[in-house]
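So the sequence shown is numbered by the numbering used here: it starts at 28 and just counts up by one.
Backbone N, C-alpha and C fix where the C-beta goes; we use that ideal spot for every residue, glycine too.
Nothing here was measured: the structure is a model prediction, and the numbers come from that model.
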Amino acid sequence: MDPTQVDPWARWLAFVHPAFMLGVLVLLLLTLRFGLALRRLRRGGRPLGGDQVKQHVRWARVAVGVLAVGFLAGPVSAVWLRNWAPFGTLHGGLAVLAVALFFSAAWFGQALYQGRSRAATLHGGLALAGVGLAALAALAGLVLLP
Numbered sequence: 028m029d030p031t032q033v034d035p036w037a038r039w040l041a042f043v044h045p046a047f048m049l050g051v052l053v054l055l056l057l058t059l060r061f062g063l064a065l066r067r068l069r070r071g072g073r074p075l076g077g078d079q080v081k082q083h084v085r086w087a088r089v090a091v092g093v094l095a096v097g098f099l100a101g102p103v104s105a106v107w108l109r110n111w112a113p114f115g116t117l118h119g120g121l122a123v124l125a126v127a128l129f130f131s132a133a134w135f136g137q138a139l140y141q142g143r144s145r146a147a148t149l150h151g152g153l154a155l156a157g158v159g160l161a162a163l164a165a166l167a168g169l170v171l172l173p
């Protein structure tokens, strides 16, 4: 039995993870926007501004950090509030893939920032795919709301 159907407190708490992750998705989109601005500079043959790179990196570190927190809260919410198997839904599977893409993008991004890589296109592609999968995961999660 789903505790959110009988306990008002559990029902309210079941909306914390989705609301938090919606904020994370907005943060990811803003970070992507900064990254796309850097891409435009790079593709136009213009030098990347140090402040712009630092701004993107700063936002990206926060975005990936809060993404990790929200991702870990998902299975906890599923088990504790809903009595569900963690990752037993399409939403959970898409979230796992999205997080894997974001962590990969973060790894390549850190290597770019430290000058150990020139894989900017791969970094951006992983991040863009991650945003797309995160949006799909959010849509798949709508049917799971109490």
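Relative to the alpha-carbon of residue i, which residue among the options has its alpha-carbon at the smallest distance?
i	options	result
His83	Thr31, Gly136, Leu121 and Arg109	Gly136
Ala125	Leu57, Pro113, Leu63 and Ala165	Ala165
Leu99	Gln79, Leu54 and Phe114	Phe114
Identify whether residue i lies in helix, strand or coil by the three-state DSSP scheme.
i	result
Arg143	coil
Pro30	helix
Gly115	coil
State the start and end residues of the unbroken alpha helix (DSSP H) segment that holds residue i.
i	result
Thr58	Val43 to Arg70
Gly76	Element bounds for Gly76: n/a, residue is neither H nor E.
Ala37	Pro35 to Leu40
Apart from the five residues just before and just after residue i, which ones in its own chain have a Cβ nearer than 7 Å to its Cβ?
i	result
Ser131	Leu153
Val123	Phe114
Ala37	Pro30, Thr31 and Leu108
Leu65	Leu75, Gln79, Val80 and His83
Leu117	Ala167
I want to check one thing, is the minimum distance from the CB of residue i to the heavy atoms of the ligand PLP below 7 Å?
i	result
Gly142	Within the structure as shown, the ligand PLP is missing, as the structure has no ligands at all.
Who are the Cβ neighbours of residue i in its own chain at under 6 Å, not counting the five residues just before and after it?
i	result
Leu121	Leu160, Leu163, Ala164 and Ala167
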